[in-house]
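J.: Attaching a single structure in structure tokens format; questions to follow.
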Amino acid sequence: MTRVASALAFQMLGVAVGWLIYALTGSAVALGLVGLAQFFPILCLTLFVGHAADTFDRRRIVFLCQTLAALTLALLALGIGQGWAGIAAIYAAVMVVGAARAFEHPTMAALLPRLVPAPILPRALAVSTSAMQMATIAGPALGGLAYVFGPTVPLAAAALCYGAAALCMASIRHAHVPAPKSAMSMTTLLSGLAFIRRSPVVLGSISLDLFAVLLGGVTALLPIFASDILHVGAEGMGALRAAPAVGATLMSLVLARVPLSRNVGATMFAAVAVFGLATVVFSLSQNFMLSLAALFVLGVADNVSVVIRSSLVQLSTPDEMRGRVSAVNSLFVGTSNQLGEFESGMVAALVGAVGAGVIGGIGTLVVAAVWMRLFPELRRVDEMPLGAMRKA
2 MTRVASALAF
12 QMLGVAVGWL
22 IYALTGSAVA
32 LGLVGLAQFF
42 PILCLTLFVG
52 HAADTFDRRR
62 IVFLCQTLAA
72 LTLALLALGI
82 GQGWAGIAAI
92 YAAVMVVGAA
102 RAFEHPTMAA
112 LLPRLVPAPI
122 LPRALAVSTS
132 AMQMATIAGP
142 ALGGLAYVFG
152 PTVPLAAAAL
162 CYGAAALCMA
172 SIRHAHVPAP
182 KSAMSMTTLL
192 SGLAFIRRSP
202 VVLGSISLDL
212 FAVLLGGVTA
222 LLPIFASDIL
232 HVGAEGMGAL
242 RAAPAVGATL
252 MSLVLARVPL
262 SRNVGATMFA
272 AVAVFGLATV
282 VFSLSQNFML
292 SLAALFVLGV
302 ADNVSVVIRS
312 SLVQLSTPDE
322 MRGRVSAVNS
332 LFVGTSNQLG
342 EFESGMVAAL
352 VGAVGAGVIG
362 GIGTLVVAAV
372 WMRLFPELRR
382 VDEMPLGAMR
392 KA
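Numbering (the numbering used here), first residue to last: 2 to 393.
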């Protein structure tokens with residue numbers, strides 16, 4: 002529940018801040034700076050986040066981050082309502098929430114394997130992903146509906162959701178096992194990167210996601226496809242944006258009941274290839290229903306890849322390193338999403354949206370083929386590795 006409430010809060014915040022910034026400035030650049038304000042803290046804090054998550058009580062870190070986000074948004078809602086909070090205050094609040102999320106997400110990812118037995122971790126990740134996808138679908142809708150009553154309403158609602166997430170986290174009964182104390186040094190801060198470099202399965206999983214998402218970010222171009230290619234307007238745009246999340250949600254429910262148990266490495270590569278093919282089909286389609294179907298399949302394939310990758314990374318990493326590895330993974334995922342949107346936009350400016358989508362989809366297929374050759378250990382993974390969990 003804490004992950005759902007936190008995701009719901011962040012989605013509502015995104016809608017509220019986007020509408021508010023655009024209403025105040027009318028500038029697309031100002032909107033782009035919102036994403037930069039969210040990503041910059043992750044870039045700066047990643048190494049420190051990992052060290053903290055492997056040294057201190059992870060449950061307490063998540064609780065403090067969610068509490069900080071709740072208080073920040075409550076203060077911003079008050080300032081907007083009373084008229085003393087301007088654009089600078091909005092960006093500052095977004096950066097504070099971004100810093101809190103920089104600590105919250107990797108720490109929560111590192112905490113989950115301590116709460117769930119290793120054999121059912123893939124199933125737990127599937128359930129968690131399903132809940133997160135539902136929040137991704139519902140959050141923007143709820144935020145947009147609340148904004149009808151003014152920007153303070155969705156901001157206050159987001160603050161309440163973060164507060165609820167913090168209360169849920171505080172209710173978790175988990176005995177913290179103190180890690181061996183180690184002084185913060187460049188060696189300890191970089192140890193997560195060193196571990197990833199030494200582990201072909203972890204390095205292959207994380208880098209595959211980075212480059213596949215970086216090249217396959219066609220969803221950033223959905224407004225162009227909805228308006229200029231499919232001619233379906235804002236309503237169709239909403240359906241196109243929801244289609245991948247619906248596919249991912251349904252696939253999460255399937256994986257929660259029937260978890261993958263064999264040929265997981267090959268299955269992940271196949272899912273990435275299907276993701277690339279679906280991207281190409283969507284880019285070339287001029288039929289709305291075919292486009293919806295392609296995006297649905299894209300969401301299904303993406304979810305399979307995410308669940309396997311997350312499981313492999315968590316189960317291949319010793320608990321004492323899990324925070325640092327999760328922090329680096331979070332940075333890679335954040336980088337791929339942000340830069341993927343930027344890459345798609347720049348390529349679309351040069352060759353058009355269709356060309357950019359086709360190039361991205363083919364690029365994803367090439368990445369999957371190359372990574373199968375570069376990381377044969379990853380391709381040959383048959384079952385989820387439980388050894389690291391048993392040693393933890």
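Glycine included, each C-beta is placed from N, C-alpha and C at the ideal position. From a predicted model like this one, the values you see are computed outputs, not experimental measurements.
(1) Pick helix, strand or coil for SER306, following the three-state DSSP scheme.
(2) How many whole angstroms separate the CB atoms of ALA103 and ALA167, which I take to be in contact at a CB cut-off of 8 Å?
(3) Mapping the DSSP letters down to three states, classify LEU143 as helix, strand or coil.
(4) My output table needs one value for SER228: the three-state DSSP class, helix, strand or coil.
(5) Near GLY205, which residues of its chain fall below 8 Å by C-beta distance, leaving aside the five closest residues on each side in sequence?
(6) Using a threshold of 8 Å, state whether the C-beta atoms of LEU222 and ALA349 are closer than that.
(7) Express the C-alpha separation of ASN288 and MET390 in angstroms, rounding to a whole number.
(8) Would you tell me roughly how many angstroms separate the C-alpha atoms of LEU216 and GLY84, rounded to the nearest one?
(9) Considering GLN67, what are the terminal residues of the alpha helix (DSSP H) in which it resides?
(10) GLN39 to MET96, Cα distance in whole Å?
(11) Alpha carbon to alpha carbon, how far is ALA53 from LEU65?
(12) Whole angstroms is fine: what's the gap from PRO42's alpha carbon to GLY99's?
(13) DSSP state of ALA86, grouped into three classes?
(14) Going by alpha carbons, who is nearest to SER306 out of ILE207, THR3, LEU293?
(15) Work out the CA separation of GLY80 and VAL18 for me, nearest whole Å.
(16) Use the C-beta contact count for MET133: other C-beta atoms within 10 angstroms, 16 or more gives buried, fewer gives exposed.
(17) What are the boundary residues of the alpha helix (DSSP H) that includes GLY164?
(18) Assuming ALA249 and ALA369 form a contact by the criterion Cβ under 8 Å, report the distance between their Cβ atoms to the nearest whole angstrom.
(19) Can you say whether ARG60 is buried or exposed, counting buried as having 16 or more other CB atoms within 10 angstroms of its CB?
(20) Please say whether GLY358 and PHE276 have beta carbons closer to each other than 8 Å?
(21) Compare the beta carbon distance of LEU296 and ALA244 with 8 Å and say whether it is the shorter of the two.
(22) For the alpha helix (DSSP H) holding SER7, just list the boundary residues, first then last.
(23) Can you list, in chain order, the residues of its chain whose CB lies under 7 Å from that of ASN264, leaving out five sequence neighbours each side?
(24) Please go through the same chain and pick out, in chain order, the residues whose beta-carbon is closer than 6 Å to the beta-carbon of ALA6, but skip the five residues on each side of it.
(25) Measure the beta-carbon distance from VAL273 to THR153 and round it to whole angstroms, keeping in mind my assumption that it falls under 8 Å.
(26) Under 8 Å by Cβ, that's how I've got LEU241 and SER292 pegged, so tell me the actual separation to the nearest angstrom.
(27) Give the straight-line distance between the Cα atoms of LYS392 and SER317, rounded to the nearest whole angstrom.
T.: Short version:
(1) In the three-state DSSP reduction, SER306 falls in the helix class (H, G or I).
(2) With 8 Å as the limit, ALA103 and ALA167 do not qualify as a contact, their Cβ atoms being about 17 Å apart.
(3) Residue state, collapsed to three classes: helix.
(4) Correct three-state label for SER228: helix.
(5) If we look at GLY205 and ignore the five residues flanking it on each side, its Cβ neighbours are TRP372, LEU375, PHE376, GLU378, LEU379.
(6) With a cutoff of 8 Å on beta-carbon distance, LEU222 and ALA349 are scored as near each other.
(7) Interpretation of MET390 is limited by its pLDDT of 43, a score under 50 that renders its predicted location unreliable; the figure taken from the coordinates is listed afterwards. Using only the alpha carbons, I get a separation of about 48 Å.
(8) Rounded to whole angstroms, LEU216 to GLY84 spans 42 Å at the Cα level.
(9) 59-83 is the extent of the alpha helix (DSSP H) around GLN67.
(10) Spanning the two alpha carbons is a distance of roughly 6 Å.
(11) Looking at the two C-alpha atoms, the distance is approximately 13 Å.
(12) Cα to Cα, PRO42 sits roughly 6 Å from GLY99.
(13) Under the three-state reduction of DSSP output, ALA86 falls in the coil class, being neither helix nor strand.
(14) For SER306, the closest C-alpha among the options ILE207, THR3, LEU293 is that of ILE207.
(15) Approximately 14 Å between the Cα atoms of the pair.
(16) Burial is judged here by how many other beta carbons sit within 10 angstroms of a residue's own beta carbon; MET133 has at least 16 and is buried.
(17) According to the DSSP assignment, GLY164 belongs to the alpha helix (DSSP H) that extends over 153-172.
(18) Between ALA369 and ALA249 the Cβ distance is about 19 Å, and since that is not below 8 Å, they are no contact.
(19) Buried, by the Cβ-count rule.
(20) Contact: no.
(21) Closer than 8 Å, so yes.
(22) First-last of the alpha helix (DSSP H) with SER7: 3-26.
(23) Here ASN264 has ASP383 as same chain residues with Cβ atoms under 7 Å from its own Cβ, once five neighbours each way along the sequence are excluded.
(24) Same-chain partners within the cutoff: CYS162, ALA165, ALA166.
(25) Actually they are not in contact, since the Cβ atoms of VAL273 and THR153 sit about 43 Å apart, beyond 8 Å.
(26) Correct: roughly 7 Å between the Cβ atoms.
(27) In this prediction, LYS392 scores a pLDDT of 42, lower than 50, which makes its location untrustworthy; the coordinate-derived value is nonetheless stated afterwards. Per the coordinates, the alpha-carbon of LYS392 lies some 11 Å from the alpha-carbon of SER317.
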